[in-house]
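K.L.:
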Amino acid sequence: MAPVSPKKPRGKKPAKPPVRRGWRGLLGGPSFFGNLVTTILIFLLLMSAYSLIAGMTQPSTDIPLSTVAADVAAGKVSAITVNGDQLSLTYFDQTTKTSRKDPSAGLPETLATYGVTPAELAKVAITVQGQSGFQFWFLTLAPTVLTLLFLGFLFWFLTRQVKGAGMQAFTFGQSKARVTDPADVSQRVTFADIAGAREAKEELLEIVDFLKSPKKFLDIGARIPKGIILMGAPGTGKTLLARAVAGEAGVPFFSISGSEFVEMFVGVGASRVRDLFQLAKKAAPAIIFVDEIDAVGRVRGTGVGGGNDEREQTLNQILVEMDGFEPTEKVVVMAATNRPDVLDPALLRPGRFDRRVTIDLPDRRDREDILKIHARKKPLGPDVALAVIAERTPGFSGAELYSLMNEGAILAARDSRKEITQYDLIRSIEKVMLGPERKSHLLSKKEKELTAYHEAGHALVSSILPNADPVHKISIISRGRAAGYTLKLPFEDKKMQSRKQFLDDIAATLGGYVAEEMLFDDVTTGPSNDLAVITALARDMVSRYGMSKKLGPIAFGERALGNEPYSERVAAEIDAEVSHIIDEAKARATKVIEEHRTALDAIAKELIEKETIERAEFEKILILNGIVPKKKEEEEGGVVIAPSGSGHIA
Ligand code: ADP
Ligand code: ZN
Ligand code: MG
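Here the sequence shown is numbered in my numbering, starting from 114 and rising by one per residue.
Below you can see the structure in the form of structure tokens.
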């Protein structure tokens, strides 16, 4: 029921494959209690080691000298080794014992005082060993040294604990940047890993050249841009491109995300920035990459909330650092954003992020190349035609194409197949677009009927209005959050949308609502997402694209607390225009559905029966009801060729 707009990020973004090493992993240790347990364990370990070594000076099995004398007299002892004051006795029965004597007296004298005769003593082999200097000193000093070492260790460990657990009191000024070492081949990304984005790559090649041989540029007095900002929709490969620049140039890559700056206390972000720049300068030539810079780089001085102070300070610090670069600095700062419109103009001034690189969504050929890159390590079946998949995925970003290949592989693996088939990939397109099918989500008879009419409403209006996109597939099997869906795909890749297209789009999206209202004389919560989408679209038409005849070609900007680019009066006029656009679209959708009521019934009936209708079946129903289906010029009659262009689902 609810449409999923393909212009918005769909599906999951793939998890970042490369594992980046923590620059300061050592300090960001485990929890406080984890540390406590470790401390105690280490303490116990050291204690036992200590007592063991200390014990070496005091053998515990000593027998008294009187016993030694008695045993010698009795002729039981075969040998005695004397080592300082220590005696090691070996008996004829192979047992060994130890004892001690007065260090100043010799063994024969000592035994003589116990009444051992020289004749009895002569039967015993006596060896005298001198204690080596090292052994002596070791045994004497070990207890003291170990105690000192242990105390030192304890002290160090406890201070470390304070750092780790004590509210990060000592660490939070330090940069949380991750660094990718150029020597680490497993993490290396190069331009060969990126398909499409030709202009962006070309632009960035200059930076690669500079980082590779900065001297060449500096000698001739050339100034290389310090700041490059990558702009593009989510998943278009901005982060990937930045990493590839580092990979191509073979320089360290320091990366941090704008959202990580915004944490806790005022001043933290700023000191992190300082730290990060310091690290990078030491490692120069190097790249600093600030991902999602819009999180800190939004227009300043608009908000009222406390968090803004922190953002501003962080942003100011970035600007200060960039302004403070020497002309000979070999550090290039890159940043990425998908909201260039909200960036503070100060960031874009000359000498800062003055180089802008835009990355577009991939076109059909780029999509095919991206699919090829991600198919590299995946065995594809003989029937796989990536060109067809590329044709069917207009509007997909690189990240979504990556997920698509991955979903295909998962489907094949789940069936224990060794190769990915075309059918796996086709099914993955819808999965990435809409989320997985939920066959378990059972609709009641009434709900099913309602959903069928709702989707039929979308499909019918799309087929009649000249500027709406042709219907590709209709289904009342729920997917993700949608109870059903109508998949519309334009024939061409669209770079620009016109006013007429928007108006027909809004009418088609309202088709579901209108059908529900007309048939059941009631409206459900089902179309709530449809309504949110068209309201946002209508508002953009009026306030961003200048598509309102009444208000004219003015881009009004965003209105927020403390930021009022236009008056209350204009705000009211915008609201009125939005309502007007939607009312008009609703009237047109109503007219279409009233005029083609039999077609609507036929589509809904087929949907209730089959649950999913593909384009060919759908067009048959249209023809039976006297409606001419939309055709792509080069399309031969009847054959379904998947249309290309940016997709739309309603
Ligand atoms: P962004 O930073 O623009 O949101 P990412 O750079 O994080 O996008 O891209 C996410 C993933 O999508 C990448 O890791 C890569 O697997 C894939 N991807 C995106 N664009 C491309 C491309 N042009 N060529 C190959 N893979 C791409
Ligand atoms: Zn809908
Ligand atoms: Mg990114």
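The beta-carbon is built from N, C-alpha and C at its ideal position, and this holds for glycine as well.
Start and end of the alpha helix (DSSP H) containing GLN614?
P.N.:
Unbroken alpha helix (DSSP H) run through GLN614: 612-633.
K.L.:
Once DSSP output is grouped into helix, strand and coil, what is the label at LYS744?
P.N.:
Here LYS744 sits in coil by DSSP.
K.L.:
Does the stretch 613-626 come close enough to the stretch 581-591 that 3 or more CB-CB pairs lie under 8 Å?
P.N.:
They touch, by the three-pair rule.
K.L.:
Quick one: using the 10 Å Cβ neighbour count with 16 as the cut-off for buried, is GLU732 buried or exposed?
P.N.:
Flag for GLU732 reads buried.
K.L.:
Checking the sheet assignment: what are the DSSP bridge partners for ASP404?
P.N.:
DSSP, once it has assigned bridges, lists SER370 as partnering ASP404.
K.L.:
Buried or exposed: which applies to LEU405, given that a residue is buried once 16 or more other Cβ atoms fall within 10 Å of its Cβ?
P.N.:
Correcting the residue type first, residue 405 is Glu in the shown sequence and not Leu. The residue in question, GLU405, is buried, as its Cβ has 16 or more Cβ neighbours within 10 Å.
K.L.:
In the structure shown, what three-state DSSP assignment does PRO143 receive?
P.N.:
Confidence at PRO143 is low in this model, with a pLDDT of 43, below 50, so the placement of that residue is unreliable and no value is reported for it.
K.L.:
Between ILE726, GLY340, TYR598 and VAL741, which has its C-alpha nearest GLY464's C-alpha?
P.N.:
Out of ILE726, GLY340, TYR598 and VAL741, GLY340 has the C-alpha closest to the C-alpha of GLY464.
K.L.:
Using only the alpha-carbon positions, how far apart do ASP528 and LYS491 sit?
P.N.:
For ASP528 and LYS491, the distance between alpha carbons rounds to 15 Å.
K.L.:
I need the boundaries of the beta strand (DSSP E) containing ASN642, first residue and last residue.
P.N.:
Run containing ASN642: none in the beta strand (DSSP E); it sits in the alpha helix (DSSP H), 641-656.
K.L.:
On a Cα-Cα basis, can you pick out the residue from ILE694, ASP714, ALA255 and ASP688 that is closest to LYS613?
P.N.:
Answer by Cα proximity: ILE694.
K.L.:
Might you give, ordered along the chain, the residues of its own chain that have their beta carbon closer than 6 Å to the beta carbon of GLU630, omitting 5 neighbours on each side?
P.N.:
Closer than 6 Å at Cβ, skipping near neighbours: VAL636.
K.L.:
Taking the alpha-carbon positions, what's the TYR536 to GLU504 distance?
P.N.:
Going from the Cα of TYR536 to the Cα of GLU504 covers about 15 Å.
K.L.:
Just to confirm the assignment, what range does the alpha helix (DSSP H) spanning ARG480 have?
P.N.:
Start and end: 477-487.
K.L.:
Which of the three DSSP states, helix, strand or coil, is assigned to LYS276?
P.N.:
Only weak support exists for where LYS276 lies, its pLDDT of 48 falling under 50; the value from the coordinates is given anyway. Correct three-state label for LYS276: helix.
K.L.:
Tell whether a beta-carbon distance below 9 Å holds between THR622 and ILE647.
P.N.:
Yes, they are a contact pair.
K.L.:
Relative to the C-alpha of ILE587, which residue among GLN207, GLN300 and ILE734 is closest?
P.N.:
The shortest Cα separation from ILE587 among GLN207, GLN300 and ILE734 belongs to ILE734.
K.L.:
Evaluate ARG480 with the Cβ neighbour count: other Cβ atoms within 10 Å of its Cβ, from every protein chain shown; 16 or more gives buried, anything less gives exposed.
P.N.:
It counts as buried.
K.L.:
Relative to the ligand MG, is the shortest distance from any of its heavy atoms to the C-beta of GLU513 smaller than 8 Å?
P.N.:
GLU513: no, Cβ never under 8 Å from the ligand MG.
K.L.:
Looking only at its own chain, which residues have a Cβ that is under 6 Å from the Cβ of GLY410, when we skip the five neighbours before and after it?
P.N.:
Around GLY410: LEU428, LEU456, ASP457 and LEU460.
K.L.:
Could you tell me if MET160 is buried or exposed, where buried requires 16 or more neighbouring beta carbons within 10 angstroms of its beta carbon?
P.N.:
Exposed is the call here.
K.L.:
Taking all protein chains shown into account, decide if GLU520 is buried (16 or more other Cβ within 10 angstroms of its Cβ) or exposed.
P.N.:
It is buried - the Cβ of GLU520 has at least 16 other Cβ atoms within 10 Å.
K.L.:
Relative to the ligand ZN, is the shortest distance from any of its heavy atoms to the C-beta of GLU568 smaller than 8 Å?
P.N.:
Yes, the beta carbon of GLU568 sits closer than 8 Å to at least one heavy atom of the ligand ZN.
K.L.:
Taking 9 Å as the cut-off, decide whether the C-beta atoms of GLY508 and HIS571 are in contact.
P.N.:
No, the Cβ-Cβ distance between GLY508 and HIS571 is not below 9 Å.
K.L.:
Of the choices ARG701, GLN242, PRO256 and LEU178, whose alpha-carbon is the least far from that of GLU222?
P.N.:
Among ARG701, GLN242, PRO256 and LEU178, the Cα nearest to that of GLU222 belongs to LEU178.
K.L.:
Which first and last residues belong to the beta strand (DSSP E) in which SER212 is found?
P.N.:
Here the beta strand (DSSP E) through SER212 covers 209-213.
K.L.:
Straight-line CA distance for VAL292 to PRO440?
P.N.:
Cα to Cα, VAL292 sits roughly 24 Å from PRO440.
K.L.:
Which residues, in chain order, sit with a beta-carbon under 6 Å away from any heavy atom of the ligand MG?
P.N.:
Counting every residue whose Cβ lies closer than 6 Å to a heavy atom of the ligand MG, we get LYS351, THR352, ASP404 and ALA449.
K.L.:
Cutting at 7 Å between CB atoms, please list the residues of its own chain near VAL185, excluding the five before and the five after it.
P.N.:
Around VAL185: LEU224, VAL229, GLU233, LEU234 and VAL237.
K.L.:
Look at the alpha carbon of LYS276 and the alpha carbon of THR151, and state the distance between them as a whole number of angstroms.
P.N.:
In this predicted model, LYS276 has a pLDDT of only 48, less than 50, meaning its place in the structure is not dependable enough to derive any value.
K.L.:
Quick check on LEU158: buried or exposed, where buried means 16 or more other Cβ atoms within 10 Å of its Cβ?
P.N.:
So LEU158 ends up on the exposed side.
K.L.:
GLY265: buried (16+ other C-beta within 10 angstroms of its C-beta) or exposed?
P.N.:
Burial call: exposed.
K.L.:
Could you tell me the boundaries of the alpha helix (DSSP H) in which ASN738 lies?
P.N.:
Per DSSP, ASN738 belongs to no alpha helix (DSSP H) and is neither H nor E.
K.L.:
Between which two residues does the beta strand (DSSP E) harbouring HIS709 extend?
P.N.:
Note, HIS709: premise wrong, no beta strand (DSSP E); not H, not E.
K.L.:
Can you tell me where the alpha helix (DSSP H) holding VAL241 begins and where it ends?
P.N.:
Element bounds for VAL241: not the alpha helix (DSSP H) but the beta strand (DSSP E), 238-242.
K.L.:
Comparing the CB of PRO440 with every heavy atom of the ligand ZN, is any distance shorter than 8 Å?
P.N.:
False, no ligand heavy atom lies under 8 Å from that Cβ.
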